[in-house]
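Chemist: Residue numbers (our numbering): 556 to 637.
#1: What are the residues that DSSP puts in a beta bridge with residue 607?
#2: Roughly how many angstroms lie between the CA atoms of residue 614 and residue 574, to the nearest whole one?
#3: My output table needs one value for residue 621: the three-state DSSP class, helix, strand or coil.
#4: Would you tell me roughly how many angstroms separate the C-alpha atoms of residue 602 and residue 565, rounded to the nearest one?
#5: In the DSSP assignment, what residue or residues form a beta bridge with residue 568?
#6: Exposed or buried, residue 608, counting other C-beta atoms within 10 Å across all chains shown (16 or more means buried)?
#7: Note down the Cα distance separating residue 599 from residue 584, rounded to an integer number of angstroms.
Okay, structure coming up:
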């Protein structure tokens with residue numbers, strides 16, 4: 556699973572950038588999700604960000620919860636699943 560969206564990186568617009576939860580750690584109530592951005596899946600990572608994600612222990616799998624949370628953030632608004 557990943558997301559796609561046009562993003563700006565250092566004043567350069569990257570159309571259909573590949574946004575991926577590359578890893579996570581956490582406890583029963585929250586996750587630390589590491590999110591990477593690439594120009595395309597096979598390209599080098601150009602940016603990495605970390606987010607604290609609310610976690611519902613008996614909810615969807617943790618990675619799905621991280622993606623759903625990330626899509627609520629202004630910088631990833633309108634990102635689509637790919």
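Think of the CB as a built atom: it goes at the ideal place given N, C-alpha and C, for glycine as much as any other residue.
Modeler: Here's the rundown:
#1: Within the chain shown, the letter at position 52 stands for residue 607. For residue 607, which the question treats as bridged, DSSP gives the partners 587.
#2: Counted from its first residue, the chain shown places residue 614 at position 59. Counted from its first residue, the chain shown places residue 574 at position 19. Their backbone Cα atoms lie some 23 Å apart in a straight line.
#3: By 1-based counting over the chain shown, the position of residue 621 is 66. Reduced to three states, the DSSP call for residue 621 is helix.
#4: Counting from one through the chain shown, the residue named residue 602 turns up at place 47. Counting from one through the chain shown, the residue named residue 565 turns up at place 10. Cα to Cα, the separation comes out at about 10 Å.
#5: Looking up residue 568 in the chain shown gives position 13. Bridge partners of residue 568: 563.
#6: As a working note, residue 608 is residue 53 in the chain shown. Residue 608 comes out buried.
#7: Here residue 599 refers to the residue found at position 44 when the chain shown is read from its first residue. Here residue 584 refers to the residue found at position 29 when the chain shown is read from its first residue. Looking at the two C-alpha atoms, the distance is approximately 32 Å.
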